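Colleague:
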Amino acid sequence: MKQQKNNRKIFIQKTGLALLAGISKPLVGFGNTAATKTATIKNGTTKPVVISTWDFGLKANEGAWKILQNTGNALDAVEAGVKITEADPNERSVGYGGRPDRDGKVTLDACIMDHQYNIGSVAALEHIKHPISVARAIMEKTPHVMLVGDGALQFALSMGFPKENLLIEASKKEYEEWLIKSEYKPKVNIENHDTIGLLALDTNGNLSGACTTSGMAFKMHGRVGDSPIIGAGLYVDNQIGAATATGHGEEVIRMTGAHLVVEFMRMGHSPEKACKKAVERIIDICKIRNKNIKDIQVGFIALNKNGEFGSFCIQSGFQYAVYNQDGNHLHKSAHAI
Ligand code: ASP
461 MKQQKNNRKI FIQKTGLALL AGISKPLVGF GNTAATKTAT IKNGTTKPVV ISTWDFGLKA
521 NEGAWKILQN TGNALDAVEA GVKITEADPN ERSVGYGGRP DRDGKVTLDA CIMDHQYNIG
581 SVAALEHIKH PISVARAIME KTPHVMLVGD GALQFALSMG FPKENLLIEA SKKEYEEWLI
641 KSEYKPKVNI ENHDTIGLLA LDTNGNLSGA CTTSGMAFKM HGRVGDSPII GAGLYVDNQI
701 GAATATGHGE EVIRMTGAHL VVEFMRMGHS PEKACKKAVE RIIDICKIRN KNIKDIQVGF
761 IALNKNGEFG SFCIQSGFQY AVYNQDGNHL HKSAHAI
């Protein structure tokens with residue numbers, strides 16, 4: 461299934477048309493085709509709202525929405541939403557079933573942030589299916605904001621999280637195939653590195669966010685990406701808005717992506733414009749560092765306090781899912797190149 465998905469993403473990149481095929485929901489903002497749907501609810505006139513990265517966001521949104529529609533809070537919603545992706549073995553870049561590192565170990569990164577600047581984060585965590593819930597437990601039950609590796613595992617076990625084998629046969633097989641050449645070359649939009657980042661605005665007007673991933677496939681053991689780094693992979697400022705990132709984590713950490721997007725919204729920019737300006741920052745940095753922007757993919761999504769949402773990415777192919785009163789739909793992200 462994932463292979464099909466991989467192929468689909470490659471196809472998307474090549475043709476820009478395949479987004480109309482193979483997805484269960486219509487895309488918004490994709491031109492005047494029969495399959496195109498224009499949101500009847502104006503962007504920003506409704507709450508609750510859930511927004512999340514990639515097409516697996518559709519399922520995650522459903523989980524978050526169930527909580528929000530019953531006047532649940534955004535924090536519970538974002539955790540419940542991304543847990544769906546974490547538990548799904550067919551999603552091979554997040555949680556259970558995630559691809560291992562170059563030592564064959566599945567190591568997970570996640571973070572969570574609520575409307576009162578409470579934060580929790582876990583990195584390089586092994587054997588626990590729901591790193592997002594461990595991140596939340598760190599936030600709520602410890603005086604710290606981040607635990608990593610063995611310490612994080614010990615904490616999770618002490619909190620009653622079950623120790624599990626997260627390496628499914630399909631990922632193990634891919635790893636064994638990778639071992640033959642052992643080439644480590646991160647690529648854009650072919651899903652060897654996709655994160656679920658999910659943001660929610662609840663009926664009380666409060667924002668929260670969650671971000672969780674197994675990180676880059678076959679990464680160095682101990683490598684940590686942007687996803688568990690508050691300010692890089694995720695940031696929430698309940699006075700302004702929230703943002704989360706997916707793509708090459710090193711590039712997002714370099715410019716503290718999610719925080720920058722929120723700061724651009726603070727300056728008065730729309731969520732899409734804020735994401736665009738953050739992407740432009742990555743492009744500028746690339747020029748200074750003499751790196752080829754075509755080798756990098758980063759996508760940001762953002763949601764502001766008014767329920768307006770938007771996205772921007774470097775290269776075409778990134779999609780995000782939005783659930784509001786108009787339903788749960790995939791949107792094609794605007795892109796720079
Ligand atoms: N940002 C994640 C990381 O670098 C992966 C991804 O979103 O594609 O670990």
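Just add 460 to wherever you are in the sequence shown, counting from 1, and you've got the numbering used here. C-beta atoms are modelled at their ideal positions from N, C-alpha and C, and glycine is treated no differently. Small disclaimer: the values here were computed from a predicted structure and weren't measured.
Quick one: what does DSSP say G707 is sitting in, helix, strand or coil?
Modeller: strand
Colleague: Hey, how far is the Cα of I774 from the Cα of G555?
Modeller: 25 Å
Colleague: Could you tell me if Q779 is buried or exposed, where buried requires 16 or more neighbouring beta carbons within 10 angstroms of its beta carbon?
Modeller: buried
Colleague: Can you give the beta carbon distance from F772 to K747, rounded, assuming they're within the 8 Å contact cut?
Modeller: F772 to K747, Cβ: 18 Å. No contact.
Colleague: Report the rounded CA-to-CA distance for A583 versus T672, giving the unit in angstroms.
Modeller: 10 Å
Colleague: Under 8 Å, do G707 and V758 count as touching if we go by C-beta distance?
Modeller: yes
Colleague: Helix, strand or coil: which one does DSSP assign to F778?
Modeller: F778: coil per DSSP, three-state reduction.
Colleague: What do you reckon, are the CB atoms on I579 and A670 nearer than 8 Å?
Modeller: no
Colleague: Taking 7 Å as the limit between beta carbons, can you name the residues of its chain near L617, skipping five residues before and five after?
Modeller: K623
Colleague: What residues in its chain sit with their C-beta under 6 Å from that of N503, if we drop five residues either side in the sequence?
Modeller: E768
Colleague: Helix, strand or coil for I700, going by three-state DSSP, please let me know.
Modeller: coil
Colleague: Have a look at I742 and A762 and give me their C-alpha separation to the nearest angstrom.
Modeller: Looking at the two C-alpha atoms, the distance is approximately 17 Å.
Colleague: M599: buried (16+ other C-beta within 10 angstroms of its C-beta) or exposed?
Modeller: The residue is buried, with at least 16 neighbouring Cβ atoms inside 10 Å.
Colleague: Please classify Q614 as buried or exposed, where buried requires at least 16 other C-beta atoms within 10 Å of its C-beta.
Modeller: Exposed, by the Cβ-count rule.
Colleague: Just to confirm, does T545 get its C-beta within under 7 Å of one of the non-hydrogen atoms of the ligand ASP?
Modeller: no
Colleague: Following a CB-centred definition, is S730 positioned closer than 7 Å to any heavy atom of the ligand ASP?
Modeller: no
Colleague: T673: beta carbon under 7 Å from a heavy atom of the ligand ASP?
Modeller: yes
Colleague: At a cut-off of 7 Å, is S793 close to the ligand ASP when judged by its beta-carbon and the heavy atoms of the ligand?
Modeller: Checking every heavy atom of the ligand ASP against the Cβ of S793, none is found closer than 7 Å.
Colleague: Quick check: the Cα distance between I884 and E634, rounded to an integer number of angstroms?
Modeller: This structure gives no information on residue 884, because the portion of the chain shown stretches from 461 to 797.
Colleague: So P800 and S581 are supposed to be a Cβ contact under 8 Å. How far apart are they, rounded?
Modeller: Coverage of the chain is limited to positions 461 through 797, which leaves residue 800 absent and any answer about it impossible.
Colleague: Does H791 pass the burial test, meaning 16 or more other C-beta atoms within 10 Å, or should it be called exposed?
Modeller: buried
Colleague: In the DSSP output, what is N784 paired with across the bridge?
Modeller: G787
Colleague: For R596, count neighbouring Cβ atoms within 10 angstroms of its own Cβ and tell me buried if that reaches 16, exposed if not.
Modeller: It is buried - the Cβ of R596 has at least 16 other Cβ atoms within 10 Å.
Colleague: What's the gap between the Cα of T655 and the Cα of L694?
Modeller: Rounded to the nearest angstrom, the two C-alpha atoms are 11 Å apart.
Colleague: Unbroken alpha helix (DSSP H) runs of length 4 or more, entirely within the segment 657-736: which are they?
Modeller: Scanning the segment 657-736 from its first residue to its last, the whole alpha helix (DSSP H) runs of 4-plus residues come out as 709-714, 717-726.
Colleague: Report all residues from its chain with a CB closer than 6 Å to the CB of N764; omit the five preceding and five following residues, and keep chain order.
Modeller: Only G701, M725, P731 meet the Cβ criterion.
Colleague: Less than 7 Å separating the Cβ of H429 from some heavy atom of the ligand ASP?
Modeller: There is no way to answer for residue 429, as the model of the chain reaches only from 461 to 797.
Colleague: With a floor of 4 residues, list each alpha helix (DSSP H) that falls wholly inside the segment 510-590, ordered by position along the chain.
Modeller: 517-529, 534-547
Colleague: Locate the beta strand (DSSP E) running through A762, then write down its first and last residues.
Modeller: 758-764
Colleague: Looking at the ligand ASP, does it come within less than 7 Å of D686, judged from the CB to the closest heavy atom?
Modeller: yes
Colleague: Alpha carbon to alpha carbon, what distance is there between I588 and G557?
Modeller: 11 Å
Colleague: In chain order, what residues of the same chain have a beta carbon less than 6 Å from the beta carbon of G675, not counting five sequence neighbours either side?
Modeller: D569, G685
Colleague: I'd like to check one pair, T545 with K519: are the Cβ atoms closer than 8 Å?
Modeller: yes
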